[in-house]
Amino acid sequence: MTTARATGRLITRPEIVERACSWVRDSVPYSQTSFHRNEHGLYRADCSGFVSMAWALPGRPGHRHGGLDTPGLAGVSSLISLRELRAGDVVIRAEGTNLTRHVVIFAAWAAEPGTYWAYEQAGGHRTRLRALTYPYGTGAELYVPRRYLSVLEEPC
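For the sequence shown, the working numbering gives the first residue as 20, with consecutive numbering after it.
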């Protein structure tokens, strides 16, 4: 079985956030068939392509799809508890079809209890930072928090 470290390089949480912000800055339109190129490479302009870019996973041409799909992201991350969520982790629904799977990047807990800020690439929108109620809207019971296996935890 391939591990995350074989797929992507070690990355810090500030790097993940900086990379996610680059797509917010570029105001990337959502697409499951188009790609976006910036200083971080060429990636599919959907939610899993966005997280692949933020986690510095191989894009195109390294991977013909421009990053991993949502089940692939689950395969290079580990399940964590709600209390363990930190910037750069994800809230993900990896089961279902390309119409029901989704993933967002956790940014921080919001002031309102049960609400968090997330970087999101979603249909009908451009990349954005928005407040969400944990875990996520429809099909919420299928969303879980996960951590990329190659995130480099900085010492306290």
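Ideal placement from N, C-alpha and C gives every residue a C-beta, glycine not left out.
Model, not experiment: these values are computed from the prediction.
CA nearest to the CA of residue i, picked from the options
{"i": "residue 38", "options": "97, 84, 99, 106", "result": "106"}
{"i": "residue 101", "options": "86, 173, 28, 162", "result": "162"}
{"i": "residue 168", "options": "148, 131, 156, 98", "result": "98"}
{"i": "residue 45", "options": "119, 94, 148", "result": "148"}
{"i": "residue 96", "options": "134, 124, 119, 118", "result": "124"}
{"i": "residue 104", "options": "28, 47, 154", "result": "154"}
{"i": "residue 136", "options": "144, 145, 146, 151", "result": "151"}
{"i": "residue 108", "options": "70, 160, 55, 61", "result": "70"}
Exposure label - residue i; buried when at least 16 CB within 10 Å
{"i": "residue 42", "result": "buried"}
{"i": "residue 128", "result": "exposed"}
{"i": "residue 85", "result": "buried"}
{"i": "residue 133", "result": "exposed"}
{"i": "residue 120", "result": "buried"}
{"i": "residue 78", "result": "buried"}
Sequence-distant residues of its chain with Cβ nearer than 7 Å to residue i (five each side left out)
{"i": "residue 30", "result": "74, 75, 169, 170, 171"}
{"i": "residue 59", "result": "38, 41, 72"}
{"i": "residue 111", "result": "89, 92, 93, 122, 162, 163, 165"}
Spatial neighbours of residue i in its chain, beta-carbon cut-off 8 Å, leaving aside the 5 residues before and after
{"i": "residue 173", "result": "31, 32"}
{"i": "residue 118", "result": "none"}
C-beta contact flag for residue i and residue j at 7 Å
{"i": "residue 93", "j": "residue 113", "result": "yes"}
Quiz item: Counting Cβ pairs, one atom from each stretch, are 3 or more of them under 8 Å apart for the region 44-63 and the region 25-34?
Solution: no
Quiz item: Is the number of C-beta pairs between the region 61-71 and the region 131-140 that are closer than 8 Å three or more?
Solution: yes
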